[in-house]
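Protein chains: 2
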Amino acid sequence: MGIMKKYLSLLKNSKLFQGISEDELTSMLDCLSAVTRSYHKGENIFSRGERIDSVALLLEGCIHIQKEDYWGNLSILSEISEGEIFGEVYACLGSDELLNNAVAVKPSKVLFLDVKRILTMCPSACQFHGRLIRNLLTVLAQKNKMLTQKLEHMSKRTTREKLLSYLSEQSQRAGSPVFDIPFNRQQLADFLSVDRSAMSAELCRMRDEGILSFDRNHFVLK
Amino acid sequence: MGIMKKYLSLLKNSKLFQGISEDELTSMLDCLSAVTRSYHKGENIFSRGERIDSVALLLEGCIHIQKEDYWGNLSILSEISEGEIFGEVYACLGSDELLNNAVAVKPSKVLFLDVKRILTMCPSACQFHGRLIRNLLTVLAQKNKMLTQKLEHMSKRTTREKLLSYLSEQSQRAGSPVFDIPFNRQQLADFLSVDRSAMSAELCRMRDEGILSFDRNHFVLK
DNA sequence: CCCATTCTGTTGTATTTACAACTGTTATGT
DNA sequence: ACATAACAGTTGTAAATACAACAGAATGGG
């Protein structure tokens with residue numbers, strides 16, 4: 001478990017392990033039968049239809065939760081950055097099949113944690129076990145809220161409204177009218193489920209109208 | 001707490017209290033400072049912007065989680081039926097403002113449970129406390145999955161695809177090509193974020209093409 | 001430095017949608 | 001049973017979108 005030393009501070013600051021001491025953390029990782037694996041860009045960590053019993057925690061890299069339909073239309077559900085977990089919904093539900101793929105968009109390193117051991121292990125022995133479960137609950141609630149916000153964007157009728165809804169949220173999240181988004185144009189279009197070229201045109205129209213300005217993935221709302 | 005007797009079997013079979021004995025349940029309700037309140041049709045149980053610290057459990061009636069924008073466009077996020085809980089996301093997150101209203105679409109009766117007591121009460125004394133937390137976790141995971149499925153429908157580009165995506169899921173959920181949906185036309189349109197009349201026309205086109213048949217909210221997929 | 005690739009913006013057309021207005025049918029309540 | 005409201009379907013038009021094809025700028029590798 002020497003490999004984990006490198007990521008101890010990442011884990012300590014992750015939402016899943018928040019409030020758990022460093023000592024407790026290392027002993028927990030054994031207890032949760034933690035294993036790591038590396039993926040290269042484009043590789044699937046999880047695939048649609050699969051059943052899983054582990055929560056994945058991203059140590060390094062970047063993951064997209066996404067799906068492709070019959071005609072090759074890509075739909076991006078969310079982006080996972082370092083320290084965040086994914087797959088927890090299906091790991092908790094156990095018998096349900098995954099609805100989306102988890103794909104590495106950069107070379108990535110992932111830590112897997114057996115969810116059964118999170119939910120049922122030594123309820124009295126581990127002082128921080130209760131904390132771990134409550135952390136998991138909080139993460140699920142936050143993701144739930146994030147999905148609701150995404151639905152808010154997607155429920156807008158026009159591309160312009162979708163963009164404004166999304167960009168406003170990003171601005172609010174950044175606490176500033178100046179912010180970067182984690183997507184390029186094609187990815188943003190796949191995230192908002194609109195046509196890339198139409199979206200690009202709409203962005204330029206809004207820029208010309210003075211509503212916003214941008215350079216690549218750097219935006220300023222006015 | 002005599003009023004609760006009437007709903008004991010509903011509570012026992014709810015996802016939140018699944019696996020908890022009847023005796024334990026009645027003592028729990030005191031412990032969770034449970035209170036009930038009645039609402040008439042159209043009344044808000046929760047309102048956008050509000051902060052809450054209680055989970056709501058629907059004893060009787062029907063609730064829609066929905067939002068109205070500046071121009072009066074209604075957007076329905078989900079329907080809550082008897083025995084289901086709502087508000088749990090914001091109750092768990094505590095400091096976050098609600099993004100949606102919870103409105104009674106029928107005369108309804110709601111049970112409120114203090115979430116802090118669910119998460120922190122007597123960790124050793126109550127035998128079933130751990131079960132309650134895990135149940136809450138499962139409900140959150142299921143809702144998360146439901147939101148993902150809804151995003152799957154909404155990410156479709158055309159009204160026809162949205163309808164087929166939604167109706168296929170309903171059919172699958174019912175385990176039969178014959179099923180009822182819980183919405184009328186306007187509600188379904190508000191749920192899928194499309195124009196009602198266009199949707200109505202699309203449904204009729206699909207019927208004429210032999211893809212499906214329907215009568216009111218009763219559908220048959222072919 | 002050059003080549004190939006990726007990314008972004010632009011334009012035109014066919015398709016699809018939103019919106020409004022209206023008709024007929026089905027519930028609801030008195 | 002009646003009047004009223006709620007609901008479902010239809011049509012035409014203006015607006016918005018998807019799609020395809022292309023051009024220039026930026027990026028990355030050899």
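Going line by line, the protein sequences match chains S and C.
The first sequence begins at 1 in this note's numbering and counts up by one.
The second sequence begins at 1 in this note's numbering and counts up by one.
In this text, a Cβ means the ideal position worked out from N, Cα and C, and glycines have one as well.
Bear in mind the structure is a predicted one, so any value in this text is a computation, not a measurement.
Helix or strand or just coil, what does DSSP make of residue i?
i, result
"residue 70 of chain S", "coil"
"residue 22 of chain C", "helix"
"residue 190 of chain S", "helix"
"residue 44 of chain C", "strand"
"residue 132 of chain S", "helix"
"residue 180 of chain S", "strand"
"residue 30 of chain S", "helix"
"residue 9 of chain S", "helix"
"residue 155 of chain C", "coil"
"residue 215 of chain C", "strand"
"residue 225 of chain S", "This structure cannot settle anything about residue 225 of chain S, because the visible part of chain S is limited to 1 through 222."
Leaving out five residues on either side along the sequence, give the residues of the same chain with a beta carbon under 7 Å from the beta carbon of residue i.
i, result
"residue 7 of chain C", "59"
"residue 131 of chain S", "19, 20"
"residue 13 of chain S", "83"
"residue 74 of chain S", "66, 68, 190"
"residue 170 of chain S", "179, 181"
"residue 9 of chain S", "none"
"residue 165 of chain C", "152, 153, 156"
"residue 41 of chain S", "104, 105, 106, 107"
"residue 117 of chain C", "31, 32, 33"
"residue 101 of chain S", "44, 46, 47, 48, 66, 67"
For residue i, which residues in the same chain have their Cβ closer than 8 Å to its Cβ, ignoring the five residues on either side in sequence?
i, result
"residue 222 of chain C", "177, 210, 211, 212, 213"
"residue 199 of chain S", "159, 163, 185, 188, 189, 192"
"residue 146 of chain C", "78"
"residue 168 of chain C", "221"
"residue 51 of chain C", "90, 94, 95, 96, 97, 98"
"residue 119 of chain S", "92, 133"
Based on the DSSP output, what are the partners of residue i in its beta bridges?
i, result
"residue 161 of chain S", "None; residue 161 of chain S has no bridge partner."
"residue 64 of chain S", "S:79, S:103"
"residue 17 of chain S", "The partner list for residue 17 of chain S (beta bridge, DSSP) is empty, contrary to what the question assumes."
"residue 53 of chain S", "According to DSSP, which records beta bridges pairwise, residue 53 of chain S is partnered with nothing at all."
"residue 37 of chain S", "S:110"
"residue 147 of chain S", "None; residue 147 of chain S has no bridge partner."
"residue 220 of chain C", "C:178, C:213"
"residue 58 of chain S", "S:110"
So, for residue i: in the same chain, excluding its five sequence neighbours on each side, which residues have a beta-carbon less than 6 Å away from its beta-carbon?
i, result
"residue 24 of chain S", "128"
"residue 15 of chain C", "139"
"residue 217 of chain S", "180, 181"
"residue 135 of chain S", "16, 18"
So within the segment 76-124 of chain S, which uninterrupted beta strand (DSSP E) runs reach at least 3 residues, ignoring any that extend past its ends? 101-104, 108-114
Does the count of Cβ pairs from the segment 23-36 of chain S and the segment 134-146 of chain S closer than 8 Å reach three? no
Is it the case that the segment 78-95 of chain C contacts the segment 39-52 of chain C, given that we only count it when at least three CB pairs across the two stretches are under 8 Å? yes
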